[in-house]
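**Student:** I'd like to ask some things about the structure below.
In the working numbering, the protein residues as written are 50 to 235.
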């Protein structure tokens, strides 16, 4: 039967699945085989603290101690009374936000001057609205100025954001302004 010859064995399929999506227990084994690192025969046995002694308490961090990562996006952390799942991207955004807030309170947000200003075409109303807020936006690290008609030149962006799509940033600011008719950007 030729059809049976084309199918991998159950052991081969299992190894392929483990390599594609290893679980916490399988990760070290799969990577150890790939990298050629010898793996121990069996995991170290669990040893309880001797009777009368207490085990050392785990450090008490607000979000717990990282125990694993899922889908390269979520961190699984253990706390003293449970488990926490942290979205890495959301956590990074929060860190950037907090840093911007501290900079704003101290002396304004550091700005990165663009070598070549980016020109953004807008509606006349949007352009006028942003230019009214140019001084406030400059305190946030976003330097803009009129560029004839209904366009603005973006000359500086917040340094903490790194390389920025200035047009997208301007449109985000306009969306934020439209949402509440005033923006609480930071």
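A virtual CB, placed ideally from N, CA and C, is assigned to each residue, including glycine.
Enumerated in chain order, which unbroken segments of the beta strand (DSSP E) with a length of 3 residues or greater are wholly contained in the region 111–175?
**Tutor:** Those beta strand (DSSP E) runs which fall completely within the region 111–175 and span 3+ residues are 114–119, 123–128, 131–136 and 160–170.
**Student:** Taking contact to mean at least 3 C-beta pairs separated by less than 8 Å, is the region 181–199 in contact with the region 208–222?
**Tutor:** yes
**Student:** Where do the N-terminal and C-terminal ends of the beta strand (DSSP E) with residue 213 fall, by residue?
**Tutor:** No beta strand (DSSP E) holds residue 213; DSSP gives it neither H nor E.
**Student:** Please confirm if the region 166–184 is in contact with the region 193–207, defined as three or more CB-CB distances below 8 Å between the two stretches.
**Tutor:** yes
**Student:** Would you report the Cα separation of residue 156 and residue 213, rounded to the nearest angstrom?
**Tutor:** 22 Å
**Student:** If you draw a straight line from the alpha carbon of residue 202 to that of residue 122, how long is it in whole angstroms?
**Tutor:** Cα to Cα, residue 202 sits roughly 36 Å from residue 122.
**Student:** Report the three-state DSSP secondary structure of residue 198 (helix, strand or coil).
**Tutor:** coil
**Student:** Is residue 112 near residue 126, with beta carbons less than 8 Å apart?
**Tutor:** yes
**Student:** Tell me which same chain residues have a C-beta within less than 7 Å of the C-beta of residue 133, skipping the five on either side of it?
**Tutor:** 112, 113 and 126
**Student:** Which of helix, strand or coil does DSSP assign to residue 192?
**Tutor:** If DSSP states are grouped into helix, strand and coil, residue 192 belongs with the strands.
**Student:** Could you check which residue in 178, 200, 163 and 158 has the C-alpha nearest to that of residue 170?
**Tutor:** The option with the nearest alpha carbon to residue 170 is 200.
**Student:** Which partner residues of residue 205 appear in the DSSP bridge assignment?
**Tutor:** Beta-bridge pairing by DSSP links residue 205 to 162 and 192.
**Student:** Label residue 115 either buried or exposed according to how many other C-beta atoms from any shown protein chain fall within 10 Å of its C-beta, with 16 as the threshold for buried.
**Tutor:** exposed
**Student:** Within a Cβ cutoff of 7 Å, which residues of the same chain sit near residue 135, ignoring the five residues on either side of it in sequence?
**Tutor:** 112, 123, 124 and 126
**Student:** Are there 16 or more other CB atoms within 10 angstroms of the CB of residue 215, so buried, or fewer, so exposed?
**Tutor:** Buried, because 16 or more other Cβ atoms sit within 10 Å of the Cβ of residue 215.
**Student:** In angstroms with no decimal places, state the Cα-to-Cα distance between residue 137 and residue 179.
**Tutor:** 32 Å
**Student:** Can you tell me which of the three DSSP states residue 182 falls into?
**Tutor:** coil
**Student:** If you draw a straight line from the C-alpha of residue 120 to the C-alpha of residue 148, how long is it?
**Tutor:** 27 Å
**Student:** Would you kindly check if the distance between the Cβ of residue 223 and the Cβ of residue 175 is under 8 Å?
**Tutor:** yes
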